[in-house]
Structure formats: structure tokens, C-alpha cells
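Worksheet for the structure shown next.
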Amino acid sequence: MTTVYLVRHGETDWNAEKRMQGQTDIPLNSKGIGQAEACGASLLASDYDVVISSGLQRARKTAEIINSYLQLPFEVMDDFAERFFGDGEGLTMEERSKLYPDFNYPNQEELDVFAKRIMTGLEKVQEKHAGKRVLLVAHGQVIYRILKIISRDQIDLGKQKIENTSISTIAWENGDWVLKDWNRVEHLKQVKKA
């Protein structure tokens, strides 16, 4: 059984400002670094076989910090880059609501294209790391879409967001992905609110 532990990257200034990041390559802020440290310190290397990260720096740095505790093989897969939100990137929620009240941003990556990209990435992980325990550091919309697809729309977080450095677990069982848990944040209790 292949198990994938989906970890959202640590906080960035744009997260704190509620700006849409998408594929704009924003670094972690000090709180995000602390979240990644707390996540890494809470994990045991014996529970995982490999760390995989999106190539965007906020995810890659989170994965590198976590892996400084685990010391496992490390891979970067661009399949798990955040969705490209086109003209919506860099805008606050208020700005997006005024400019694009239907949240349909010009030039954004189509949802079906995005979903296919990340699910193809999961297929690659399953093929390359069959039977392994994979820690995959990615992005809020990547994780949300994976959970939504795997649960066959049974999971709808609504207004609840995928928290920075939260952990969600999926497993490949009997030829299909199964959702085990989502948005676990117990390791963040030690991170002070910034």
C-alpha cells in the first residue's frame, strides 16, 4: 500500500495578507519557517521513505526544512505546483471580489487541466514509489483538489481552509486512492501566532 502524506507549505507574507499566490513564487515568512520547523520536529524518519516537493520555493523550502529532520531521499515534481490563477494572482480577496465577482480570473489554468496535472502526478508517485510512504509538500488548492477528487466530492471544506503545514493522508488501496484524514494540525500548537 502506497501512503501519501500531503503537507501544505508554511505561511508566506501573501498568505498573511490573503493575497492569491498561485504560481507567483513567494518565499516563506518567519512564521512559515517556524511552522515547517514544528512540522519537521514532530515527524519520525522511520515513518516515511521519501520527501517530494512542488518546485515553487515556498513548498520546496518547507520540504527542505522538514527533511533536515528526516534526512530522506528528496525529489521535486512540478506536477504539484499550485494552480495558475492568471490575473487573480497578487490580488487580495477584496480586490478579487471587486474585479472578478464570479472568481473567474482571466488567463487562469482551467480547473480540469489543473486536476489532470495533479492526478497524473499522483499516478507517477504511485508508479515510482509503490508500497512506500511518501511525504509530499504542496499547496492549498493542490491538496484541496486531490481530497475533493479522491472523496468523490464528499469532502468540501467550504470556508475551512487547508492550514499551512497541515497534514492530510491518502493511501492507494485495491487499485484506488482512499482518503484517510485531512488538515491535521496538532504539531502547530507549539508555533506562536505571529
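Taking our numbering, the leading residue of the sequence shown gets 14, the next gets one more, and so forth. Yeah, the Cβ is synthetic: ideal placement off N, Cα and C, and Gly gets one too.
| Asked | Found |
| --- | --- |
| If you follow the alpha helix (DSSP H) that Lys193 is part of, which residue opens it and which one closes it? | Here Lys193 belongs to no alpha helix (DSSP H); instead the beta strand (DSSP E) covers 189 to 197. |
| Hey, how far is the Cα of Ala207 from the Cα of Glu136? | For Ala207, the predicted model reports a pLDDT of 46, less than 50, meaning its position is unreliable; a value from the coordinates is still stated below. If you take the alpha carbons of Ala207 and Glu136, they lie about 38 Å apart. |
| According to DSSP, simplified to helix, strand and coil, what is Thr182? | strand |
| Tell me whether the region 157 to 168 and the region 22 to 32 touch, counting them as touching only if at least three CB pairs, one residue from each stretch, are closer than 8 Å. | no |
| Out of Val20, Arg71, Thr37, which has the shortest C-alpha to C-alpha gap to Ser55? | Val20 |
| Taking Cβ positions, are Leu201 and Tyr18 nearer each other than 8 Å? | no |
| Taking C-alpha atoms, which residue in Ala76, Arg165, Lys161 lies nearest to Lys174? | Lys161 |
| For Leu19, name the three-state secondary structure that DSSP assigns. | strand |
| For Cys52 and Ile131, I'd like the C-alpha separation in whole angstroms. | 23 Å |
| Which class does Leu41 belong to by DSSP, given the choice of helix, strand or coil? | strand |
| Met90 and Lys31: beta carbons closer than 8 Å? | no |
| In whole angstroms, give me the CA-to-CA distance for Trp185 and Tyr82. | 26 Å |
| Tell me whether Phe127, by its Cβ, gets closer than 7 Å to a heavy atom of the ligand FAD. | With respect to the ligand FAD, the structure shown offers nothing to examine, as it has no ligands at all. |
| Between Arg165, Thr15, Ser181, which has its C-alpha nearest Gly153's C-alpha? | Ser181 |
| In whole angstroms, give me the CA-to-CA distance for Lys44 and Ile79. | 14 Å |
| Shortest alpha-carbon distance to Gln84 belongs to which of Leu41, Gln121, Asp38, Leu57? | Leu57 |
| Determine the direct distance from the alpha carbon of Glu199 to that of Ile65, and round the result to whole angstroms. | 22 Å |
| For Gly101 and Tyr118, which I take to be in contact (beta-carbon distance under 8 Å), what is that distance rounded to the nearest angstrom? | 3 Å |
| Between Glu50, Ile39, Glu88, Gln48, which lies nearest to Leu69 when the distance is taken from Cα to Cα? | Ile39 |
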